[in-house]
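Asker: This is the structure, below, for whatever I ask next.
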């Protein structure tokens, strides 16, 4: 109806347009304002979490966790070398007095703070062992780890994937290629934190790379909301304008007929039109009086 009235330049078409435009403006302005405020708020909120300082803290946490594990490995490597040197010097006593040797091994391991110190051939054969209270959750290295240690001249550090026991292995040439095993318990947090920090850093970098996409997604949502609000406003505006303008258009058309000489033109008066219904009744009475007077004049 609205488009037809615009094309034919029908009566009150401009009023029709103004009503629809007013409804659209009233609907779109708050939505646009809300979209702008939300976009700024989201941008500020994301910027606070993705500053250079926060990025440095997140990435440095990974370095700190790796440095802690590296420090534990270096500490074990240093202590296992000291113990290995002591045991190499005590090799003549190994065959002569095994009890003295194990007591010596226990004393040196205790002094170095190593709760586990053993000379082994593989994960099952123990050559000598320090008589110290063993760890509660002790786990022996795999056979492959012993084989790697037997081929290397440097200590091999074993970082646990489960539990919290760090271990080190070192080949002992003086004991026919046996391997010295030492173990130490550390905080559970020290074991878990590297994995947690890496996961957090990866997640942070992922969100950082998707920050622009997140902003665009939120902006798209608000644009869609604005579009829905605009279309709803246009629809309501058209319905309201049709109901409001229709009685006025009927009155204008009837008035044009009267102006052209048709004094019998009538306008349907509907109670739902409110004051316009009263105006229509008055118009009908006027045309009836005009037609009566015209008939009288003709007689």
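In my numbering, the protein residues as written are 27 to 325.
For every residue, glycine included, the Cβ atom is placed at its ideal position computed from N, Cα and C.
In the segment 205-248, which residue ranges form an unbroken alpha helix (DSSP H) of at least 4 residues, counting only runs that do not cross its ends?
Answerer: 214-235
Asker: Measure the alpha-carbon distance for residue 85 versus residue 223 and round it to whole angstroms.
Answerer: Walking along the chain shown from the start, residue 85 turns up at place 59. Walking along the chain shown from the start, residue 223 turns up at place 197. Their backbone Cα atoms lie some 8 Å apart in a straight line.
Asker: Taking 9 Å as the threshold (C-beta atoms), are residue 50 and residue 323 in contact?
Answerer: As a working mapping, residue 323 is identified with position 297 in the chain shown. As a working mapping, residue 50 is identified with position 24 in the chain shown. For residue 323 and residue 50, no; Cβs fall outside 9 Å.
Asker: Compare the beta carbon distance of residue 158 and residue 206 with 9 Å and say whether it is the shorter of the two.
Answerer: As a first step, residue 158 must be located in the chain shown, where it is residue number 132. As a first step, residue 206 must be located in the chain shown, where it is residue number 180. No, the pair does not count as a contact, with Cβ atoms beyond the cut-off.
Asker: Which residues bound the alpha helix (DSSP H) around residue 124?
Answerer: Here residue 124 refers to the residue found at position 98 of the chain shown. Start and end: 124-137.
Asker: Under DSSP, the beta strand (DSSP E) around residue 195 begins and ends at which residues?
Answerer: The residue labelled residue 195 in the question sits at position 169 within the chain shown. Note, residue 195: beta strand (DSSP E), 191-198.
Asker: Buried or exposed: residue 198, going by 16 or more other Cβ atoms within 10 Å of its Cβ?
Answerer: For this step, residue 198 is matched to residue 172 along the chain shown. Buried.
Asker: I'd like to know whether the C-beta atoms of residue 245 and residue 180 end up nearer to each other than 9 Å.
Answerer: Looking up residue 245 in the chain shown gives position 219. Looking up residue 180 in the chain shown gives position 154. No, Cβ-Cβ distance for residue 245 and residue 180 is not below 9 Å.
Asker: Given this structure, state the Cα-to-Cα distance separating residue 98 from residue 209, to the nearest angstrom.
Answerer: In the chain shown, the residue the question calls residue 98 occupies position 72. In the chain shown, the residue the question calls residue 209 occupies position 183. Looking at the two C-alpha atoms, the distance is approximately 11 Å.
Asker: From which residue to which residue does the alpha helix (DSSP H) around residue 171 run?
Answerer: Against the chain shown, residue 171 aligns to sequence position 145. Run containing residue 171: 169-177, per the alpha helix (DSSP H) assignment.
Asker: Could you check which residue in 190, 221, 128 has the C-alpha nearest to that of residue 153?
Answerer: On the chain shown, position 127 is the one that residue 153 refers to. Nearest neighbour of residue 153 by Cα position, chosen from 190, 221, 128, turns out to be 128.
Asker: For residue 37, I'd like the list of residues in its chain whose CB is within less than 7 Å of its CB, leaving aside the five on either flank, ordered along the chain.
Answerer: The residue you call residue 37 lines up with position 11 of the chain shown. Note that residue 37 has pLDDT 48, beneath the 50 cutoff, so the model's placement of it is unreliable and the number below is only indicative. Excluding sequence neighbours, residue 37 sits near 275, 278, 279.
Asker: Less than 8 Å between C-beta atoms, sequence neighbours within five positions excluded: which residues of the same chain meet that for residue 252?
Answerer: Position 226 of the chain shown holds residue 252. Only 54, 57, 58, 61 meet the Cβ criterion.
Asker: Is the beta carbon of residue 109 closer than 9 Å to that of residue 134?
Answerer: Here residue 134 refers to the residue found at position 108 of the chain shown. Here residue 109 refers to the residue found at position 83 of the chain shown. Yes. Within cutoff.
Asker: Flag this pair as yes or no: are the beta carbons of residue 201 and residue 81 separated by less than 9 Å?
Answerer: In the chain shown, residue 201 corresponds to position 175, counting from 1. In the chain shown, residue 81 corresponds to position 55, counting from 1. Going by C-beta atoms, residue 201 is not nearer than 9 Å to residue 81.
Asker: So what does residue 154 bridge to, in DSSP terms?
Answerer: For the purposes of this step, residue 154 is identified with residue 128 of the chain shown, where counting begins at 1. Answer is 145, bridged to residue 154.
Asker: Less than 9 Å between the beta carbons of residue 195 and residue 182, yes or no?
Answerer: Taking the first residue of the chain shown as 1, we reach residue 195 at position 169. Taking the first residue of the chain shown as 1, we reach residue 182 at position 156. Yes.
Asker: Please identify the residue among 126, 106, 117 whose C-alpha is closest to the C-alpha of residue 143.
Answerer: Within the chain shown, residue 143 is the residue found at index 117, counting from 1. Out of 126, 106, 117, 106 has the C-alpha closest to the C-alpha of residue 143.
Asker: I'd like to check one pair, residue 164 with residue 191: are the Cβ atoms closer than 9 Å?
Answerer: Translated into the one-based positions of the chain shown, residue 191 becomes position 165. Translated into the one-based positions of the chain shown, residue 164 becomes position 138. Going by C-beta atoms, residue 191 is nearer than 9 Å to residue 164.
Asker: Just to check my reading of the structure: residue 96 and residue 141 have Cβ atoms closer than 8 Å, yes? What is that Cβ distance to the nearest angstrom?
Answerer: Position 70 of the chain shown, counted from the first residue, corresponds to residue 96. Position 115 of the chain shown, counted from the first residue, corresponds to residue 141. Actually they are not in contact, since the Cβ atoms of residue 96 and residue 141 sit about 21 Å apart, beyond 8 Å.
Asker: Tell me the residue span of the beta strand (DSSP E) that contains residue 184.
Answerer: Working through the chain shown from its first residue, we reach residue 184 at position 158. Secondary structure note for residue 184: its beta strand (DSSP E) is the uninterrupted segment 182-184.
Asker: Taking the straight line between their C-alpha atoms, what separation do you get for residue 34 and residue 270?
Answerer: Residue 34 sits at position 8 when you count from the first residue of the chain shown. Residue 270 sits at position 244 when you count from the first residue of the chain shown. Interpretation of residue 34 is limited by its pLDDT of 46, a score under 50 that renders its predicted location unreliable; the figure taken from the coordinates is listed afterwards. Looking at the two C-alpha atoms, the distance is approximately 19 Å.
Asker: By how many angstroms is the C-alpha of residue 303 removed from the C-alpha of residue 254?
Answerer: Numbered from 1 along the chain shown, position 228 holds the residue referred to as residue 254. Numbered from 1 along the chain shown, position 277 holds the residue referred to as residue 303. Note on geometry: alpha-carbon atoms of residue 254 and residue 303 lie some 34 Å from one another.
Asker: Between residue 112 and residue 87, what straight-line distance do the alpha-carbon atoms span, to the nearest angstrom?
Answerer: On the chain shown, residue 112 is found 86 positions in, with the first residue counted as 1. On the chain shown, residue 87 is found 61 positions in, with the first residue counted as 1. Going by the C-alpha atoms only, they are around 38 Å apart.
Asker: Considering Cα atoms alone, identify which of 116, 121, 122 is closest to residue 132.
Answerer: In the chain shown, counting from the first residue as 1, residue 132 sits at position 106. The shortest C-alpha separation from residue 132 is found at 116.
Asker: Just verifying my parser: in three-state terms, what is the DSSP assignment at residue 289?
Answerer: Translated into the one-based positions of the chain shown, residue 289 becomes position 263. Residue 289 falls in the coil class under three-state DSSP.
Asker: Can you give the Cα-Cα distance for residue 9 and residue 243, rounded to whole angstroms?
Answerer: Given that the chain is displayed from residue 27 to residue 325, the structure contains no residue 9 and the question cannot be resolved.
Asker: Quick one: residues in its chain with C-beta nearer than 7 Å to the C-beta of residue 47, no 5 flanking neighbours on either side, listed in chain order?
Answerer: Position 21 of the chain shown, counting from 1, holds the residue named residue 47. None.
Asker: Pull up the distance between the alpha-carbon of residue 308 and that of residue 63, whole angstroms please.
Answerer: Numbered from 1 along the chain shown, position 282 holds the residue referred to as residue 308. Numbered from 1 along the chain shown, position 37 holds the residue referred to as residue 63. Taking the straight line joining both Cα atoms gives about 52 Å.
Asker: According to the Cβ coordinates, are residue 266 and residue 45 closer than 9 Å?
Answerer: Here residue 266 refers to the residue found at position 240 of the chain shown. Here residue 45 refers to the residue found at position 19 of the chain shown. Contact: yes.
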